[in-house]
Amino acid sequence: MSQKPWQLGIDFGTSNTAAAHTGAVSGSVETLPLTHQGNLMASSVFVESPDNIAVGDVAINQAERNPAAYMASPKRSIGHGMVTVNGYNIASSVPVAAVLQNVMSRATAVHGGHSPSQLVLTHPEAWSPREIQTLLDAAADLGLDTSKVKTVSEPRAAAHYYTRTNTLQPGTKIGVFDFGGGTLDIAVLEANDAGTFDVIAARGDNGLGGKNFDAFIRRWIDDELEARNPDLLAYLRQSAPVNVVHNLDDSIRRAKELLSEAPSATITVAGGGFHETIQITRDEFEDLIDAPLQKAVSLTRATLNDAGVTDSSQLEALYLTGGSSRIPLVHNLLGELGPLATLDDPKTVVAQGALSAVAPVLRGMAAGAAPQYGQPGQPPQYGQP
Ligand SMILES: Nc1ncnc2c1ncn2[C@@H]1O[C@H](COP(=O)(O)OP(=O)(O)OP(=O)(O)O)[C@@H](O)[C@H]1O
Ligand SMILES: [Mg+2]
Numbered sequence: 004m005s006q007k008p009w010q011l012g013i014d015f016g017t018s019n020t021a022a023a024h025t026g027a028v029s030g031s032v033e034t035l036p037l038t039h040q041g042n043l044m045a046s047s048v049f050v051e052s053p054d055n056i057a058v059g060d061v062a063i064n065q066a067e068r069n070p071a072a073y074m075a076s077p078k079r080s081i082g083h084g085m086v087t088v089n090g091y092n093i094a095s096s097v098p099v100a101a102v103l104q105n106v107m108s109r110a111t112a113v114h115g116g117h118s119p120s121q122l123v124l125t126h127p128e129a130w131s132p133r134e135i136q137t138l139l140d141a142a143a144d145l146g147l148d149t150s151k152v153k154t155v156s157e158p159r160a161a162a163h164y165y166t167r168t169n170t171l172q173p174g175t176k177i178g179v180f181d182f183g184g185g186t187l188d189i190a191v192l193e194a195n196d197a198g199t200f201d202v203i204a205a206r207g208d209n210g211l212g213g214k215n216f217d218a219f220i221r222r223w224i225d226d227e228l229e230a231r232n233p234d235l236l237a238y239l240r241q242s243a244p245v246n247v248v249h250n251l252d253d254s255i256r257r258a259k260e261l262l263s264e265a266p267s268a269t270i271t272v273a274g275g276g277f278h279e280t281i282q283i284t285r286d287e288f289e290d291l292i293d294a295p296l297q298k299a300v301s302l303t304r305a306t307l308n309d310a311g312v313t314d315s316s317q318l319e320a321l322y323l324t325g326g327s328s329r330i331p332l333v334h335n336l337l338g339e340l341g342p343l344a345t346l347d348d349p350k351t352v353v354a355q356g357a358l359s360a361v362a363p364v365l366r367g368m369a370a371g372a373a374p375q376y377g378q379p380g381q382p383p384q385y386g387q388p
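Rendered as C-alpha cells:
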C-alpha cells in the first residue's frame with residue numbers, strides 16, 4: 004500500500020517536549036498527543052544504561068529509585084559534548100535521541116509504521132552551530148536520512164504559526180516572547196519577500212522560567228511552615244524521602260498554573276504523618292514574581308530597541324508563547340510594549356509552527372522562495388539588557 008508522505012515537528016523543550024504532524028487523515032498540521040493525558044511529555048530521561056533510557060513520566064517515576072540516573076532537563080547539557088550520568092560517560096546527544104525516539108515511535112504508530120518524509124526540530128535562536136549539530140546527531144541516531152531532517156529556531160517557528168491565521172506583508176515586524184519552564188527567549192522578526200522571516204534582534208535569559216517561580220513558591224511555603232508547623236518543615240529538610248518532595252513540587256506547580264485562572268489555589272504538604280494545606284492567593288504569587296517579571300519586561304524593551312521598534316505601532320504583534328506566558332501579570336506588564344497576541348495552546352504552537360515554516364502552503368504569507376534556516380540578521384545577545 005502506498006503511504007501518503009507526512010511530516011513531523013518536534014519542539015524539544017527544557018521542561019516539556021511537544022510534537023506536531025501532518026494528520027494521517029486530514030493532511031493538515033495537528034498536535035500529536037505524547038501521553039495518554041495530553042499533548043506534552045516531560046523532557047526528562049532516566050539512564051539505566053546508555054542502551055536503556057526511559058523518558059518522560061516513566062523517567063520521573065524511576066528517579067526515586069536512583070537519582071544519579073535521572074536528568075530532568077537534558078536540553079540544558081546539550082552544549083557539553085559529554086555528560087556523566089549513572090556512572091556512564093555519554094555523548095550529550097544520547098539522552099536527546101531517547102526523547103526524540105519516543106516521539107518518533109508514537110508518531111510512526113499513528114502513520115501505519117511509516118517514517119516521516121521530513122522531521123523538523125526546533126531550537127533556541129541563541130544556540131550555537133555546535134548545539135544545533137548535537138540535536139542533528141540525536142536525530143541521526145533515529146536512522147532517518149539526514150536530508151530529511153531540518154532545524155528551525157523556536158521564534159521562527161512561532162512566527163510561522165502566527166501567520167497561519169494572520170497574513171503578514173513583507174516588512175511587517177512581529178515580536179515573539181517565549182516564556183517556558185527554564186528559559187525566556189525574545190525575538191523580533193521581519194517578514195521578508197521570500198515568504199519567511201529574518202530575525203532582526205534576539206535576547207533571552209537562560210535562567211528565567213516557570214521553574215524559578217516554583218522555587219519561589221517553595222521558599223514561601225517554607226516560611227509559612229516555619230510559623231505553622233516547624234516539625235513538618237524540619238522533616239521536609241532533613242528526612243523526607245524523594246517522593247514526598249516530588250509530590251510537594253507537583254502540588255506547587257499545579258497551584259501556580261491554576262493561579263493563572265483562579266484568584267487562589269491550595270498546596271498540600273504531606274508525609275511522615277504530617278498533613279498541611281496552605282492557600283496561596285494570586286496577589287501573594289504576583290509579589291513573589293514581580294522582580295523577575297520586571298527583568299523580563301526590560302529584556303523585551305531592549306530587544307525591541309535593538310530591532311528599531313521605538314513605538315508599539317511599529318509592531319504587528321507581540322506574540323506570547325510558552326506555558327509561563329499564561330500568567331496574567333505577564334500580560335499586564337507587557338501590554339504597554341505592544342499589541343499582545345495569544346493563539347491556542349502556547350506550549351504546542353512552536354511544534355506546529357515548525358511544520359508551517361517548511362511548508363509554504365500552510366502559512367499565511369506570500370508564498371515565494373523556499374524557506375531559509377538559521378540566518379538571523381544579527382547574532383542574538385543573551386544576558387542583561
Ligand atoms: N497556566 C499556566 N500558568 C502559569 N504557568 C504555566 C501554565 N501552564 C504551564 N505553565 C508553566 O510553563 C512551563 C512549561 O512551559 P513550556 O512547556 O512552554 O516550557 P519548555 O518549552 O519545556 O521550556 P523552554 O522553552 O524553557 O525550553 C512550566 O514551568 C509550567 O509550570
Ligand atoms: Mg519552549
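Position 61 of the sequence shown, counting from 1, maps to 64 under my numbering, and the rest follow consecutively. Virtual Cβ for every residue (Gly too), placed ideally from N, Cα, C. A quick note: this is a predicted structure, and the numbers were derived from the prediction, not measured.
Next item on the list: Leaving out five residues on either side along the sequence, give the residues of the same chain with a beta carbon under 6 Å from the beta carbon of T20.
Entry: M44, S46 and V102
Item checked: Segment limits, beta strand (DSSP E) that includes R79 -> No beta strand (DSSP E) holds R79; DSSP gives it neither H nor E.
Check: Can you tell me whether DSSP reads R329 as helix, strand or coil?
Finding: Assigned with DSSP and collapsed to three states, R329 falls in helix.
Note to self: Just to confirm, is the Cβ distance from E134 to G82 under 8 Å?
What the structure shows: Going by C-beta atoms, E134 is nearer than 8 Å to G82.
Check: Does the Cβ-Cβ distance between K151 and L124 come in under 8 Å?
Finding: no
Next item on the list: Specify whether the segment 316-333 and the segment 284-292 touch according to this definition: at least 3 beta carbon pairs, one from each stretch, less than 8 Å apart.
Entry: yes
Notebook entry, point to check: Where D389 and V88 are concerned, what is the direct C-alpha to C-alpha distance, given to the nearest angstrom?
Noted result: This structure gives no information on residue 389, because the portion of the chain shown stretches from 4 to 388.
Item checked: Where the beta strand (DSSP E) containing R206 begins and where it ends -> F200 to D208
Next item on the list: Answer yes or no: do P98 and I56 have a C-beta to C-beta separation smaller than 8 Å?
Entry: yes
Item checked: H163, buried or exposed, once every other Cβ within 10 Å from all chains shown has been counted against 16 -> buried
Check: How about S46: is its Cβ closer than 7 Å to a heavy atom in ligand 1?
Finding: Yes, the Cβ of S46 comes within 7 Å of a heavy atom of ligand 1.
Check: Where does Q355 land, buried or exposed, given buried means 16+ other C-beta within 10 angstroms?
Finding: buried
Check: Which one of F219, A190, E229 and G341 has the shortest CA to CA distance from D293?
Finding: F219
Next item on the list: Going by DSSP, name the residue or residues bridged to Q10.
Entry: Q121
Checklist line | Heavy atom of ligand 2 within 7 Å of V353 beta-carbon | finding: Here the distance from the Cβ of V353 to the nearest heavy atom of ligand 2 is below 7 Å.
Next item on the list: Give a yes or no on contact between the segment 341-359 and the segment 303-322, applying the rule of three or more CB pairs nearer than 8 Å.
Entry: yes
Note to self: What does the Cβ neighbour count give for A23, buried or exposed, with the cut at 16 atoms within 10 Å?
What the structure shows: buried
Check: Where do the N-terminal and C-terminal ends of the alpha helix (DSSP H) with K298 fall, by residue?
Finding: R285 to D309
Notebook entry, point to check: How big is the Cα-Cα spacing for L147 and S118?
Noted result: 8 Å
Check: Does the Cβ-Cβ distance between G325 and K298 come in under 8 Å?
Finding: It is not a contact, given that the beta carbons lie outside the stated cut-off.
Notebook entry, point to check: So, is G115 buried or exposed, given that buried needs 16 or more other C-beta atoms within 10 angstroms?
Noted result: exposed
Checklist line | Alpha-carbon spacing of A268 relative to K153, whole angstroms | finding: Cα-Cα distance, rounded: 42 Å.
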